[in-house]
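Asker: Protein chains in written order, with this note's numbering: chain A, 1286 to 1439; chain B, 1286 to 1439; chain C, 1286 to 1439.
Just so you know, even glycine gets a beta-carbon here, dropped at the ideal spot from N, CA and C.
Remember, predicted model here, so these are calculated numbers, not experimental data.
Printed below as a string of structure tokens:
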């Protein structure tokens, strides 16, 4: 018997949480694109200063650091530090057959904290608020990893 | 029945695409190493200025930003923003049993666009060309994630 | 029959190695937090200069680059360039049914080299030492990916 089947509600929970987190992660790349276009700034590569449809009015200062665009990159970096680990950890967590309620609590809470973290970061809320949601998400991944190790040791 | 078996052609497609993308991702790290050695520049850490086999002729300016080396790091960052999400998304996409033809179209197109993106980025082609291949790859991951959610909601 | 089951010793090896690597990755985020608090420096966001429990004595220079804090971020970046690829590659490696001994050699060696790499990087050992452990880990991921492709081609 495999745990990784659409007949297993724990795996379905994993698939839903993962799909939402993947959309969040990819969407962050598009927020960076949107902010680059809207502010006409925050470019990274010398060749991006070639005039063309993507840059009607090239200026050297477009390569300077723009906090508006860089904020979206910092958000994405924070996502990359957390979401891929969640995606891998959730899979092995399901494999050790935890109670469904814990799968749902851990995974949907992780999804919620990362979505709130995004809002908090995008709107520049204070450090303490941002850190709170980062912390909850991080501790959930850590808890799932420790759960896997303990389940296998038994 | 599990979808994650070498008897399932969709999973075999996933494994081939994933293995190629993993080689691409690891290879990008080696392009950075190659460029650091070739240009004798682009180091990141103060201790890298210690004289030794890896640095025959240490100079403080080796810690300055080198566009030649940094380009490879930017390419790797772009990979990290896309490939791990693809690896996780492809797995749950296979799990919801999509038609094999869509697995092949999505996955091999993603692989092709990321390989072309690498060539385009390495050779400094214009922004529009690079953005086109980024966009196709990103939309494929987004499409697979939405497909998973719709398949599970039905 | 599925390979992804707690009855399969190769998959159990994968789960143990993955859980340790996920804890390593998440722990690196906490090393950054620890170093930010300890040095009262290395902040990234303008809003982090608001006075509050997380910042008792805000000063603009807290946004300047701090090598002590940035080192932990560079370590995490290096992890992100290697660990997610390992997590995805290990899964498809197990799926092609390699001999258990190779699963154990590859995966536990990868875990060991990444843990040693962390120590070497945190204590600022010379480039050659750090590069050695990076290289072993990277070659293991590359070897697993090539093994998967060769196994599927046969």
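Rounded to whole angstroms, what's the CA-CA distance from residue 1346/B to residue 1386/B? Just pull it up for me.
Answerer: Residue 1346/B and residue 1386/B have their C-alpha atoms some 53 Å from each other.
Asker: Considering residue 1294/A, what are the terminal residues of the alpha helix (DSSP H) in which it resides?
Answerer: 1294 to 1324
Asker: Let me see if you follow: with CB-CB separation under 9 Å, is residue 1357/C close to chain B or not?
Answerer: no
Asker: Return helix, strand or coil for residue 1409/B, following the three-state DSSP convention.
Answerer: coil
Asker: When the cut-off is 9 Å and only beta carbons count, does residue 1402/C lie next to chain B?
Answerer: no
Asker: Have a look at residue 1291/A and residue 1379/C and give me their C-alpha separation to the nearest angstrom.
Answerer: 21 Å
Asker: Can you find a CB in chain C that lies within less than 9 Å of the CB of residue 1333/B?
Answerer: Chain C contact via Cβ: present.
Asker: Cβ closer than 7 Å: which chain A residues qualify as neighbours of residue 1307/C?
Answerer: 1370, 1373, 1374, 1426 and 1430
Asker: Please confirm whether residue 1302/B has its beta-carbon closer than 9 Å to some beta-carbon of chain A.
Answerer: no
Asker: Per DSSP, what kind of secondary structure is residue 1327/B in: helix, strand or coil?
Answerer: coil
Asker: In terms of residues, what are the limits of the alpha helix (DSSP H) holding residue 1453/C?
Answerer: Only positions 1286 to 1439 of chain C appear in this structure, which leaves residue 1453/C out of reach.
Asker: Hey, out of 1425/A, 1337/A and 1342/A, whose CA is closest to residue 1394/A's CA?
Answerer: 1425/A
Asker: What's the gap between the Cα of residue 1318/A and the Cα of residue 1338/C?
Answerer: 34 Å
Asker: Distance cutoff 9 Å, beta carbons only. Does residue 1353/B sit that close to anything in chain A?
Answerer: no
Asker: Might you give, ordered along the chain, the residues of its own chain that have their beta carbon closer than 6 Å to the beta carbon of residue 1299/C, omitting 5 neighbours on each side?
Answerer: Only residues of its own chain outside the window of five on either side were considered, and among them 1375 and 1379 have a CB closer than 6 Å to the CB of residue 1299/C, listed in chain order.
Asker: Ordered along the chain, which non-local residues of its own chain (more than five positions away) have a Cβ less than 8 Å from that of residue 1288/C?
Answerer: 1295, 1296, 1379, 1380 and 1382
Asker: Could you tell me whether any Cβ in chain B is nearer than 9 Å to the Cβ of residue 1423/C?
Answerer: At least one beta carbon of chain B lies nearer than 9 Å to the beta carbon of residue 1423/C.
Asker: How would you list, in chain order, the residues of chain A whose beta-carbon sits under 8 Å from the beta-carbon of residue 1337/C?
Answerer: Those within 8 Å of residue 1337/C in chain A are 1411, 1412 and 1413.
Asker: Less than 9 Å between the beta carbons of residue 1427/A and residue 1311/C, yes or no?
Answerer: Cβ distance < 9 Å, so residue 1427/A and residue 1311/C count as in contact.
Asker: My guess is that residue 1309/B and residue 1400/B are in contact by the Cβ rule of under 8 Å, so how many angstroms apart are they, rounded?
Answerer: 7 Å
Asker: Just the Cα atoms here: how many angstroms apart are residue 1415/C and residue 1331/B?
Answerer: 13 Å
Asker: Report, in whole angstroms, the separation of the C-beta atoms of residue 1437/C and residue 1301/B, which I expect to be a contact under 8 Å.
Answerer: 6 Å
Asker: Run through chain A and tell me which residues come within less than 7 Å of residue 1340/C, C-beta to C-beta.
Answerer: 1412
Asker: Which bits of chain A does residue 1381/B rub up against, with CB to CB less than 7 Å?
Answerer: 1291
Asker: How would you call residue 1413/C, buried or exposed, if buried means at least 16 neighbouring beta carbons within 10 angstroms?
Answerer: Residue 1413/C comes out exposed.
Asker: Using the beta-carbon count (16 or more within 10 Å), is residue 1407/C buried or exposed?
Answerer: exposed
Asker: Below 9 Å between beta carbons: does that hold for residue 1304/B and residue 1377/C?
Answerer: In contact: residue 1304/B and residue 1377/C (Cβ atoms closer than 9 Å).
Asker: Have a look at residue 1335/A and residue 1403/C and give me their C-alpha separation to the nearest angstrom.
Answerer: 41 Å
Asker: What is the rounded straight-line gap between the Cα of residue 1410/A and the Cα of residue 1391/B?
Answerer: Approximately 38 Å between the Cα atoms of the pair.
Asker: Let me see if you follow: with CB-CB separation under 9 Å, is residue 1319/A close to chain B or not?
Answerer: no
Asker: Name the DSSP bridge partner or partners of residue 1340/B?
Answerer: 1337/B
Asker: I want to verify the contact list: residues of chain C whose CB lies under 7 Å from the CB of residue 1433/A, in sequence order.
Answerer: Chain order gives the chain C residues near residue 1433/A as 1300 and 1304, where near means a beta carbon separation below 7 Å.
Asker: Assign residue 1324/A to one of two classes, buried (16 or more other C-beta atoms within 10 Å of its C-beta) or exposed (fewer than that).
Answerer: Exposed, because fewer than 16 other Cβ atoms sit within 10 Å of the Cβ of residue 1324/A.
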